[in-house]
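The structure under discussion appears below in the form of structure tokens.
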Amino acid sequence: MIHHHPGDELLLAYAAGTADEAVSLIVATHMSYCAVCRERTAKLESLGGALLQDLPPAELEAGALDNVLARLDAVKPFERPRRAASRDGTPAVLRAYIGGDLSTVRWRSMGPRLSYAPLFKRGKVSARLLRGVPGADSGVHHHCGTEFTVVLQGGYTDPTGNYGPGDLQVMEDGMSHNVVADPGEDCVNLAVTTGRLKFDSLLQKIAAPLFGF
Numbered sequence: 429m430i431h432h433h434p435g436d437e438l439l440l441a442y443a444a445g446t447a448d449e450a451v452s453l454i455v456a457t458h459m460s461y462c463a464v465c466r467e468r469t470a471k472l473e474s475l476g477g478a479l480l481q482d483l484p485p486a487e488l489e490a491g492a493l494d495n496v497l498a499r500l501d502a503v504k505p506f507e508r509p510r511r512a513a514s515r516d517g518t519p520a521v522l523r524a525y526i527g528g529d530l531s532t533v534r535w536r537s538m539g540p541r542l543s544y545a546p547l548f549k550r551g552k553v554s555a556r557l558l559r560g561v562p563g564a565d566s567g568v569h570h571h572c573g574t575e576f577t578v579v580l581q582g583g584y585t586d587p588t589g590n591y592g593p594g595d596l597q598v599m600e601d602g603m604s605h606n607v608v609a610d611p612g613e614d615c616v617n618l619a620v621t622t623g624r625l626k627f628d629s630l631l632q633k634i635a636a637p638l639f640g641f
């Protein structure tokens with residue numbers, strides 16, 4: 429069961445087409461697992477959310493977003509494609525970036541227990557896959573920018589809770605945590621960052637730039 433979802437503002441940006449490529453990938457990947465967010469996004473799109481990208485920037489009146497969201501339950505969602513994942517469970521939206529399924533990923537080692545695979549970089553925004561063996565610890569790190577993470581396989585725990593397949597975690601600028609991979613199978617995540625990570629460990633501080641962190 430999925431316990432962690434994107435906020436309404438993020439879904440609205442996705443539905444309106446105003447989210448950038450990396451954030452759209454995160455939301456679409458989450459929705460590959462989450463029927464609740466697929467339905468909610470379909471309702472937003474049927475309300476004409478995609479037209480918002482053509483409007484000039486303007487400040488919303490107080491309560492405007494709440495008023496739009498309150499109308500969602502009265503809207504019947506249109507039929508959407510249901511190509512959620514390949515046979516091995518890899519979200520279909522990720523296959524174009526990976527060039528196949530998760531079994532074809534060319535992992536790069538970050539040490540004996542952690543590895544990564546870069547997907548793309550657009551300015552300061554980076555998208556990558558992360559993998560940790562059970563018990564692997566990311567080390568305490570601080571976010572300089574926002575990080576979006578969707579679990580693809582396995583799970584992890586940090587001070588905010590436990591995250592399993594399909595769960596989406598958002599860490600805002602200035603927030604800190606350390607992530608520990610859960611027992612069982614390897615933990616594989618899709619992560620998008622809009623800034624650098626600062627690590628407490630001296631070794632990780634030295635190594636982070638080498639891995640694009």
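Residues 429 to 641, numbered by our numbering, are exactly what the sequence shown covers, in order.
Even for Gly, the Cβ is constructed at its ideal location relative to N, Cα and C.
Bear in mind the structure is a predicted one, so any value in this text is a computation, not a measurement.
Nearest candidate by alpha-carbon position, reference residue i, set the options
| i | options | result |
| --- | --- | --- |
| residue 552 | 538, 622 and 526 | 622 |
| residue 599 | 549, 434 and 429 | 434 |
| residue 529 | 550, 574, 581 and 571 | 581 |
| residue 453 | 527, 605, 576 and 545 | 576 |
Alpha-carbon spacing of residue i relative to residue j, whole angstroms
| i | j | result |
| --- | --- | --- |
| residue 607 | residue 539 | 15 angstroms |
| residue 500 | residue 541 | The pLDDT assigned to residue 500 is 47, lower than 50, so where the model puts this residue is not dependable; a value taken from the coordinates is nonetheless given after this. About 44 angstroms. |
| residue 459 | residue 447 | 15 angstroms |
| residue 521 | residue 601 | 27 angstroms |
| residue 478 | residue 471 | With a pLDDT of 42 at residue 478, under the threshold of 50, the predicted position of this residue should be treated as unreliable, though the coordinate-derived value follows. Taking the straight line from one Cα to the other gives about 11 angstroms. |
| residue 431 | residue 536 | 30 angstroms |
| residue 568 | residue 585 | 13 angstroms |
| residue 505 | residue 550 | For residue 505, the pLDDT reaches just 41, beneath the cut-off of 50, and the residue's location in the model is therefore unreliable, leaving the point undetermined. |
| residue 457 | residue 531 | 17 angstroms |
| residue 560 | residue 615 | 5 angstroms |
| residue 603 | residue 450 | 20 angstroms |
| residue 526 | residue 589 | 28 angstroms |
| residue 571 | residue 517 | 30 angstroms |
| residue 566 | residue 573 | 18 angstroms |
| residue 555 | residue 475 | 30 angstroms |
| residue 469 | residue 627 | 36 angstroms |
Limits of the unbroken beta strand (DSSP E) element including residue i
| i | result |
| --- | --- |
| residue 569 | 569 to 571 |
| residue 472 | Where residue 472 is concerned, there is no enclosing beta strand (DSSP E), although the alpha helix (DSSP H) it sits in stretches over 463 to 474. |
| residue 579 | 575 to 581 |
| residue 553 | 553 to 560 |
| residue 607 | No beta strand (DSSP E) holds residue 607; DSSP gives it neither H nor E. |
| residue 447 | Where residue 447 is concerned, there is no enclosing beta strand (DSSP E), given that its DSSP letter is neither H nor E. |
| residue 643 | The first residue shown for the chain is 429 and the last is 641, placing residue 643 beyond what the model contains. |
| residue 596 | 596 to 599 |
| residue 625 | 625 to 627 |
| residue 585 | 584 to 586 |
| residue 539 | Per DSSP, residue 539 belongs to no beta strand (DSSP E) and is neither H nor E. |
| residue 589 | 589 to 591 |
Residue burial classification, residue i (beta-carbon count within 10 angstroms, cutoff 16)
| i | result |
| --- | --- |
| residue 617 | buried |
| residue 548 | exposed |
| residue 473 | buried |
| residue 625 | buried |
| residue 524 | exposed |
Neighbourhood of residue i by C-beta, 6 angstroms cutoff - its chain only, sequence neighbours within 5 removed
| i | result |
| --- | --- |
| residue 564 | 541, 542 and 609 |
| residue 596 | 432, 434, 458 and 578 |
| residue 587 | 605 |
| residue 441 | 447 |
| residue 558 | 544, 617 and 619 |
| residue 611 | 562 |
| residue 443 | 469, 472, 473 and 477 |
Element boundaries [alpha helix (DSSP H), containing residue i]
| i | result |
| --- | --- |
| residue 615 | Element bounds for residue 615: not the alpha helix (DSSP H) but the beta strand (DSSP E), 615 to 621. |
| residue 564 | It is not in any alpha helix (DSSP H) - residue 564 carries neither H nor E in the DSSP assignment. |
| residue 522 | 520 to 526 |
Residues near residue i by beta carbon distance below 7 angstroms, same chain, minus five either side
| i | result |
| --- | --- |
| residue 592 | 579 and 583 |
| residue 465 | 433, 434, 439, 458 and 459 |
| residue 533 | 526, 545 and 557 |
Nonlocal neighbours in the same chain, by C-beta distance under 8 angstroms from residue i, ignoring five residues either side
| i | result |
| --- | --- |
| residue 594 | 430, 458, 460, 461, 462, 578 and 579 |
| residue 613 | 562, 581 and 582 |
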